[in-house]
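To keep things clear, I will list the structure first and then write my remarks on it.
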């Protein structure tokens, strides 16, 4: 399934390039969440964020930390 491949690639990149992982994987998801397209927002929440958070409990903390740091600039 495509969503499983997406999650596997995300975890692989998170381990290989943690310093770029947020900008490669999480930033695009957050940008979609800022749109007005409800279907696209639901897809991102259901497929990306929920699955990644279920498999890696640190993701939500990383998103909070990242957003906090970026909001200061």
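In my numbering, the protein residues as written are 6 to 78.
The beta-carbon is built from N, C-alpha and C at its ideal position, and this holds for glycine as well.
What is the DSSP secondary structure of residue i, reduced to helix, strand or coil?
| i | result |
| --- | --- |
| residue 14 | helix |
| residue 78 | Any answer about residue 78 is weak, because its pLDDT of 49 lies below 50 and its placement is not dependable; what the coordinates show is given next. The answer is coil: DSSP assigns residue 78 none of H, G, I, E or B. |
| residue 32 | helix |
| residue 42 | coil |
| residue 8 | helix |
Given that a residue counts as buried once 16 or more other Cβ atoms are within 10 Å of its Cβ, and exposed if not, what is residue i?
| i | result |
| --- | --- |
| residue 29 | exposed |
| residue 49 | buried |
| residue 8 | exposed |
| residue 45 | exposed |
Report the option in the options whose CA atom is closest to the CA atom of residue i.
| i | options | result |
| --- | --- | --- |
| residue 53 | 34, 26 and 66 | 34 |
| residue 64 | 23, 38, 8 and 42 | 23 |
| residue 69 | 27, 56 and 47 | 27 |
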